[in-house]
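Counting in our numbering, the sequence shown runs from 30 upward without gaps. I have placed the structure first, in the form of structure tokens, so that the comments after it can refer back to it.
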Amino acid sequence: MQTDFDINKVIKSGKIQNELDFEKALIADRKLRVLSKENPEYRSVRSKLRDLIEAWESKHWMADSEISDEKIRESDLAGSIAENERQFIEKRKNLIRNQLKSLNLTQQALGGLLGHKNKSYISELMNGVAPFSLRDLIVINLLMKIDLSDLIPAFLSHNERLRIKASLEKLENTKLKLRKADFTIV
Numbered sequence: 030m031q032t033d034f035d036i037n038k039v040i041k042s043g044k045i046q047n048e049l050d051f052e053k054a055l056i057a058d059r060k061l062r063v064l065s066k067e068n069p070e071y072r073s074v075r076s077k078l079r080d081l082i083e084a085w086e087s088k089h090w091m092a093d094s095e096i097s098d099e100k101i102r103e104s105d106l107a108g109s110i111a112e113n114e115r116q117f118i119e120k121r122k123n124l125i126r127n128q129l130k131s132l133n134l135t136q137q138a139l140g141g142l143l144g145h146k147n148k149s150y151i152s153e154l155m156n157g158v159a160p161f162s163l164r165d166l167i168v169i170n171l172l173m174k175i176d177l178s179d180l181i182p183a184f185l186s187h188n189e190r191l192r193i194k195a196s197l198e199k200l201e202n203t204k205l206k207l208r209k210a211d212f213t214i215v
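In structure tokens:
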């Protein structure tokens, strides 16, 4: 199970699927800009991601495309969700770093405990460039005693939100209702 935005998956697919992925790609681009200064290997990934971002912008946000009020609301909502996810990842990174410091461990040592040998990969995980696996987060919980709710994001993908919303409408169960906020900003 992947818990975060996966840049490599987006690049492999060759396109950004929706406005939420676009907003997440913008955040990932900023992270890659910083990481590529430390490690030139990220430049290629960032370049590919930039191409996908530009393609999305050209198709959906250029002057000749129709920009409706609904499209602007969708963009604002996606931006808000992506920003909340970014803040969650930043908080998680700080919690893990503080715990590593208190245990006199390095990120590289954590990578070894998780079974990751590549030094830059643990940096990708910590910075939200690559997603932690559920197993990684459970190991961190067990070893570092960080609450799972601080490690595992409670976000649903755009497609999953739409699927659940449609299923709820079909059920017509008045006892099973979710607030709009349950599906937007978690």
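All C-beta atoms, glycine included, are put in the ideal place defined by N, C-alpha and C. Remember, predicted model here, so these are calculated numbers, not experimental data.
Straight-line gap, residue i to residue j (C-alpha atoms, nearest Å)
i           : j           : result
residue 139 : residue 129 : 8 Å
residue 168 : residue 96  : 45 Å
residue 214 : residue 106 : Here residue 214 scores only 41 on pLDDT, less than 50, and its place in the model is too uncertain to base an answer on.
residue 84  : residue 199 : 36 Å
residue 180 : residue 146 : 21 Å
residue 127 : residue 135 : 11 Å
residue 74  : residue 67  : 14 Å
residue 201 : residue 104 : 29 Å
C-beta atoms of residue i and residue j nearer than 8 Å
i           : j           : result
residue 137 : residue 120 : no
residue 44  : residue 81  : yes
residue 114 : residue 160 : no
residue 64  : residue 156 : yes
residue 40  : residue 57  : no
residue 191 : residue 197 : no
residue 60  : residue 158 : yes
residue 143 : residue 165 : yes
Unbroken alpha helix (DSSP H) run spanning residue i, endpoints
i           : result
residue 205 : It is not in any alpha helix (DSSP H) - residue 205 carries neither H nor E in the DSSP assignment.
residue 37  : 36 to 42
residue 78  : 71 to 89
residue 57  : 48 to 67
>> Restricting to runs no shorter than 4 residues, where is the alpha helix (DSSP H) found entirely within the segment 107 to 171?
In response: 136 to 143, 148 to 156
> Does the segment 171 to 179 come close enough to the segment 47 to 59 to have 3 or more Cβ pairs within less than 8 Å?
Replying inline: no
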